[in-house]
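S.K.:
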Amino acid sequence: MGDLMSMDGAGLEESSLYDRNVQKWIRSAAERGRYDIRGLGAKRRVPHFDDLTFLTGSASRYPLEGYRERCDTETVLGSRYAKNPVRLDIPITFAGMSFGSLSANVKEALGRAATELGTSTTTGDGGMTDEERGSSETLVYQCLPSRYGFDPDDLRRADAVEIVIGQGAKPGGGGMLLGQKISERVAEMRTLPAGIDQRSASRHPDWTGPDDLTIKIEELREITDWEIPVYVKVGATRVENDVKLAVKAGADVVVVDGMEGGTAATQDVFIEHAGIPTLAAVSQAAEALEEMKMTGEVQLIISGGIRTGADVAKAIALGADAVSIGQGAMFALGCNSEVWHDANGEPVSAVEDYEKLGTKPGFCHHMHTGMCPVGIATQDPDLEKRLDPEWGARRLRNYFQTLSMELTTLARACGKSNVHHLEKEDLVALTIEAAAMAKVPLAGTDWVPGISKF
Amino acid sequence: MEQRFSGGGIVDFVDFDLEKQTVRELNQFLHKEFDGAAEVRIHNPDGAHHIACGMNVPAKIDIMGNAGYFVAGMNKHAEVTVHGSVGWSVAENIMSGTVRVNGYASECAGASGHGGLLVVEKDASSRCGISMKGNDIVVGGSVGHFSAFMAQAGRLVVCGDAGDGLGDSLYEAVIYVRGEIKGLGADAREEAMGEGDLTSLSELLGRAGFEYRPEEFKRIASARTLYHWNAEDGGSHEHGRGGTRRKQFVRP
Numbered sequence: 329m330g331d332l333m334s335m336d337g338a339g340l341e342e343s344s345l346y347d348r349n350v351q352k353w354i355r356s357a358a359e360r361g362r363y364d365i366r367g368l369g370a371k372r373r374v375p376h377f378d379d380l381t382f383l384t385g386s387a388s389r390y391p392l393e394g395y396r397e398r399c400d401t402e403t404v405l406g407s408r409y410a411k412n413p414v415r416l417d418i419p420i421t422f423a424g425m426s427f428g429s430l431s432a433n434v435k436e437a438l439g440r441a442a443t444e445l446g447t448s449t450t451t452g453d454g455g456m457t458d459e460e461r462g463s464s465e466t467l468v469y470q471c472l473p474s475r476y477g478f479d480p481d482d483l484r485r486a487d488a489v490e491i492v493i494g495q496g497a498k499p500g501g502g503g504m505l506l507g508q509k510i511s512e513r514v515a516e517m518r519t520l521p522a523g524i525d526q527r528s529a530s531r532h533p534d535w536t537g538p539d540d541l542t543i544k545i546e547e548l549r550e551i552t553d554w555e556i557p558v559y560v561k562v563g564a565t566r567v568e569n570d571v572k573l574a575v576k577a578g579a580d581v582v583v584v585d586g587m588e589g590g591t592a593a594t595q596d597v598f599i600e601h602a603g604i605p606t607l608a609a610v611s612q613a614a615e616a617l618e619e620m621k622m623t624g625e626v627q628l629i630i631s632g633g634i635r636t637g638a639d640v641a642k643a644i645a646l647g648a649d650a651v652s653i654g655q656g657a658m659f660a661l662g663c664n665s666e667v668w669h670d671a672n673g674e675p676v677s678a679v680e681d682y683e684k685l686g687t688k689p690g691f692c693h694h695m696h697t698g699m700c701p702v703g704i705a706t707q708d709p710d711l712e713k714r715l716d717p718e719w720g721a722r723r724l725r726n727y728f729q730t731l732s733m734e735l736t737t738l739a740r741a742c743g744k745s746n747v748h749h750l751e752k753e754d755l756v757a758l759t760i761e762a763a764a765m766a767k768v769p770l771a772g773t774d775w776v777p778g779i780s781k782f
Numbered sequence: 002m003e004q005r006f007s008g009g010g011i012v013d014f015v016d017f018d019l020e021k022q023t024v025r026e027l028n029q030f031l032h033k034e035f036d037g038a039a040e041v042r043i044h045n046p047d048g049a050h051h052i053a054c055g056m057n058v059p060a061k062i063d064i065m066g067n068a069g070y071f072v073a074g075m076n077k078h079a080e081v082t083v084h085g086s087v088g089w090s091v092a093e094n095i096m097s098g099t100v101r102v103n104g105y106a107s108e109c110a111g112a113s114g115h116g117g118l119l120v121v122e123k124d125a126s127s128r129c130g131i132s133m134k135g136n137d138i139v140v141g142g143s144v145g146h147f148s149a150f151m152a153q154a155g156r157l158v159v160c161g162d163a164g165d166g167l168g169d170s171l172y173e174a175v176i177y178v179r180g181e182i183k184g185l186g187a188d189a190r191e192e193a194m195g196e197g198d199l200t201s202l203s204e205l206l207g208r209a210g211f212e213y214r215p216e217e218f219k220r221i222a223s224a225r226t227l228y229h230w231n232a233e234d235g236g237s238h239e240h241g242r243g244g245t246r247r248k249q250f251v252r253p
């Protein structure tokens with residue numbers, strides 16, 4: 329091989345193990361003595377919903393008329409124990425993202441869009457703001473290990489409570505918010521000194537283990553008089569066990585966040601090297617519910633790398649009742665865009681501000697710095713003005729509307745008058761890996777790796 | 002409901018018997034029908050969880066025996082007294098009011114509280130005051146290991162001894178200990194008692210009903226060396242990496 333390479337005349341052979349990127353990383357580690365912190369989710373290619381395709385209607389199956397025939401999208405979450413389950417018009421929700429990591433304007437935009445769409449939005453690791461509660465008709469209140477700003481009054485005015493055990497970007501790790509983003513208001517909400525580098529706890533302070541979780545869930549139900557649903561969110565690692573434990577502990581809804589899930593800040597090594605792909609997670613979670621005979625009684629929300637209506641449709645076909653979207657919403661708002669929009673809706677270049685961060689539009693993962701060139705992941709009073717909540721709400725609404733239309737397009741083509749009727753049998757895989765993870769046949773074969781013989 | 006004389010006026014009493022009614026019925030009564038105008042006595046708690054959690058009115062509540070987990074969880078305004086011992090996480094996320102335990106408390110007493118006062122007259126187990134955010138806790142006896150872990154604000158007063166890893170990763174909460182401290186956690190240090198400490202501790206001990214002199218206590222607070230990300234000092238915020246200046250960080 330070496331001889332062959334040297335025959336090209338240049339005599340340059342790059343190592344695949346120590347390629348230039350790896351060399352650069354090692355030199356950087358040697359220089360700085362610390363790991364990288366960044367935002368967003370896993371960047372490496374992992375088996376994904378893109379590796380599946382639908383077997384839509386033909387002679388053997390009967391499609392519905394694409395634009396004319398009814399295809400319901402209504403979604404009910406939390407029907408197991410809650411007196412007032414969450415009722416959504418679409419099975420696509422906004423994932424939990426904190427005020428602190430995001431500006432108040434963004435939180436407001438998310439709330440407005442969710443309300444117009446008839447879906448829910450979710451607080452984050454920083455408590456509930458009045459703007460967020462005011463703008464969101466259906467708001468899920470997260471109960472996180474840090475308990476920053478956790479207030480029983482907010483719990484009582486929430487439409488559901490989500491106990492966050494972990495998230496896909498960093499399952500087993502706590503949150504992180506660097507000092508630049510700890511403004512006075514954020515500091516006050518989190519009871520921390522302004523400007524410190526904040527590292528949230530990775531475990532809940534008042535319970536450990538699944539038996540205690542049962543009692544914690546009961547406490548939340550007692551305080552809310554069994555009225556609102558209790559969700560339990562886990563980062564996707566040992567999905568089958570974790571889903572079963574959450575169900576056994578009494579969850580109404582289980583949220584499973586795969587390794588493609590985003591974050592505003594954590595260690596790069598955590599983002600890329602922990603957890604399993606969302607594709608594998610949804611399949612395992614659905615199986616766990618089936619084994620417990622809880623399909624339909626406990627709802628499953630899937631998140632982590634859901635971008636398109638096709639992703640939504642495939643997640644639902646594999647057993648999800650709904651999906652949650654975080655990063656997609658950020659991109660809809662202009663994350664990584666070359667421009668932001670002024671009060672007249674005119675585009676203004678943000679390229680220089682990306683350069684100041686040492687990056688470019690399309691590559692930015694610097695949410696942790698708080699210097700977001702397009703005014704999304706920031707607490708800077710000037711930068712946050714770059715995102716107008718009304719403009720943002722419109723973008724988010726359009727994005728989710730597109731996803732919903734794509735979802736119903738695929739569902740109708742599969743002959744379903746309700747998107748929740750999509751099923752595993754509607755899917756085949758394009759790669760062996762995806763076939764094994766999703767437990768659907770490799771396209772053109774009857775082969776489901778690990779289940780049937782080739 | 003019956004009426005009795007109490008302290009010069011007529012007070013209404015509500016008696017609730019957990020042998021005959023459920024905790025859910027009790028809590029829904031306390032949340033939805035009860036305005037705090039009467040004193041509530043809860044009989045036969047028998048270790049039940051969640052008794053009087055989510056209180057939101059100023060009321061006097063007496064739990065007449067040992068209770069389980071999350072007693073008076075997220076308390077606001079109410080004055081809850083347990084005439085016995087409690088399980089895990091008594092008064093977790095307390096916002097205001099007072100919760101008093103005549104006996105012992107198990108783990109995580111007063112965890113993540115934002116305000117109000119928790120008094121444990123005897124010992125409290127490990128992680129007492131973990132993650133506290135502004136509440137006060139006074140323990141008449143000793144506390145277990147990793148008490149006040151990551152505590153952000155508020156005061157933990159220990160009239161007896163403290164276990165290992167006290168005040169690990171403290172933020173702005175302050176700990177006062179009268180007895181022995183087995184070991185301090187990362188970034189916790191002993192500091193001199195100032196005039197302000199003596200005055201505020203004296204007031205707090207008085208409210209909790211203990212007669213110790215504030216001068217008998219040591220003050221433990223954060224050295225604040227973990228507040229900022231600093232790569233050049235060998236990653237001192239990362240105890241697990243064997244930084245030379247730090248003791249090994251052990252999670253509770």
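So the sequences go chain by chain: R and F.
Once you know that position 152 of the first sequence is 480 in this note's numbering, the rest is easy, because the numbers rise by one and skip nothing.
Once you know that position 47 of the second sequence is 48 in this note's numbering, the rest is easy, because the numbers rise by one and skip nothing.
Note that the Cβ used here is the ideal one computed from N, Cα and C, for glycine as well.
With 8 Å set as the bound, which would you pick, yes or no: does the beta-carbon of R:PHE782 sit closer than that to a beta-carbon of chain F?
M.R.: no
S.K.: Could you check whether the Cβ of F:SER86 sits closer than 8 Å to any Cβ belonging to chain R?
M.R.: no
S.K.: Helix, strand or coil: how does DSSP classify R:LYS572 here?
M.R.: helix
S.K.: Does any residue of chain R have a CB that is nearer than 8 Å to the CB of F:ALA232?
M.R.: Confidence is the limiting factor: at F:ALA232 the pLDDT is only 44, short of 50, which leaves the residue's position unreliable, though a coordinate-based value still follows. It does: the Cβ of F:ALA232 has a partner Cβ on chain R nearer than 8 Å.
S.K.: Which whole-angstrom value is the C-beta distance of F:GLY116 and F:ILE95, which I expect to be below 8 Å?
M.R.: 7 Å
S.K.: Does any residue of chain F have a CB that is nearer than 8 Å to the CB of R:THR519?
M.R.: yes
S.K.: Is F:ASP124 near F:PHE150, with beta carbons less than 8 Å apart?
M.R.: no
S.K.: Report the neighbours of F:SER113 on chain R: residues whose CB is nearer than 8 Å to its CB, in chain order.
M.R.: ARG475, PHE478, PRO533, ASP534
S.K.: Any beta-carbon of chain R closer than 8 Å to the one on F:TYR172?
M.R.: True, the Cβ-Cβ gap to chain R drops below 8 Å.
S.K.: Around the C-beta of F:MET56, are 16 or more other C-beta atoms found within 10 angstroms, so that it is buried, or is it exposed?
M.R.: buried
S.K.: Where does F:ALA79 sit, in a helix, a strand or coil, going by DSSP?
M.R.: coil
S.K.: Identify whether R:THR403 lies in helix, strand or coil by the three-state DSSP scheme.
M.R.: Under the three-state reduction of DSSP output, R:THR403 falls in the strand class.
S.K.: Is the separation between the beta-carbon of R:GLY496 and that of R:GLY647 shorter than 8 Å?
M.R.: no
S.K.: Counting beta carbon pairs with one atom in the region 587-604 of chain R and one in the region 750-763 of chain R, are three or more of them shorter than 8 Å?
M.R.: no
S.K.: So F:LEU171 and F:ALA152 are supposed to be a Cβ contact under 8 Å. How far apart are they, rounded?
M.R.: Here F:LEU171 really is in contact with F:ALA152; their C-beta atoms are around 6 Å apart, less than 8 Å.
S.K.: Just how far apart, CA to CA, sit R:ARG527 and R:TYR363?
M.R.: 15 Å
S.K.: Residues of chain F with a CB under 7 Å from the CB of R:ALA529: which are they?
M.R.: Within chain F, the residues near R:ALA529 are SER132, MET151.
S.K.: Taking the C-alpha atoms as reference points, what is the distance between F:VAL87 and R:SER780?
M.R.: 54 Å
S.K.: Straight-line CA distance for F:ASN136 to F:VAL100?
M.R.: 11 Å
S.K.: So the candidates are R:ASP417, R:ALA529, R:GLY523; which of them puts its Cα closest to the Cα of R:LEU472?
M.R.: Nearest C-alpha to R:LEU472: R:ALA529.
S.K.: Mind checking if F:THR245 is an interface residue toward chain R, Cβ cutoff 8 Å exclusive?
M.R.: Because the pLDDT of F:THR245 is 32, which lies under 50, any placement of that residue in the model is unreliable, and the number read from its coordinates should be weighed accordingly. Not closer than 8 Å to any Cβ of chain R, the Cβ of F:THR245 fails to qualify, so no.
S.K.: Determine the closest residue to F:SER223 out of F:VAL175, F:LEU199, F:GLY180, F:HIS229, with distance taken between C-alpha atoms.
M.R.: Comparing alpha carbon positions, the residue from F:VAL175, F:LEU199, F:GLY180, F:HIS229 closest to F:SER223 is F:VAL175.
S.K.: Mind listing the chain F neighbours of R:ILE543? Cutoff is C-beta to C-beta under 7 Å, in chain order.
M.R.: HIS50, TYR70, PHE71
S.K.: So, is the C-beta of F:GLU93 closer than 8 Å to a C-beta in chain R?
M.R.: yes
S.K.: At 7 Å on the CB atoms, spell out the chain F contacts of R:GLY500, in chain order.
M.R.: In chain order: nothing, as chain F lies at least about 12 Å away.
S.K.: Check whether the Cβ of R:GLY452 lies closer than 8 Å to any Cβ atom in chain F.
M.R.: no
S.K.: What in chain F is Cβ-close to R:GLY507, meaning under 7 Å?
M.R.: Correct list: HIS229.
S.K.: When you compare the CB of F:ALA193 with every CB in chain R, is at least one pair closer than 8 Å?
M.R.: no
S.K.: So if DSSP puts F:LYS219 in a beta bridge, which residue, or which two residues, is it bridged to?
M.R.: F:VAL178
S.K.: Shortest alpha-carbon distance to R:ARG757 belongs to which of R:PHE377, R:GLU615, R:THR403?
M.R.: It should be pointed out that residue 757 of chain R corresponds to Ala in this sequence rather than to Arg. Looking from the CA of R:ALA757, the closest CA among R:PHE377, R:GLU615, R:THR403 belongs to R:PHE377.
S.K.: Compare the C-alpha of R:ILE604 against each of R:ILE510, R:ALA564, R:THR450, R:LEU467 and name the closest.
M.R.: Ranking R:ILE510, R:ALA564, R:THR450, R:LEU467 by Cα distance to R:ILE604 puts R:ALA564 first.
S.K.: What runs of the alpha helix (DSSP H), each 4 residues or longer, lie entirely inside the region 593-624 of chain R?
M.R.: 596-601, 606-619
S.K.: Assuming F:ALA112 and F:SER132 form a contact by the criterion Cβ under 8 Å, report the distance between their Cβ atoms to the nearest whole angstrom.
M.R.: 6 Å
S.K.: How is F:ALA232 classed by DSSP in three states: helix, strand or coil?
M.R.: Residue placement at F:ALA232 cannot be trusted, given a pLDDT of 44 that sits under 50; what the coordinates show is reported in the next sentence. In this structure, F:ALA232 counts as helix in the three-state DSSP scheme.
S.K.: So, is F:TYR70 buried or exposed, given that buried needs 16 or more other C-beta atoms within 10 angstroms?
M.R.: buried
S.K.: If we count the other Cβ atoms within 10 Å of its Cβ and call it buried at 16 or more, is R:PRO499 buried or exposed?
M.R.: buried
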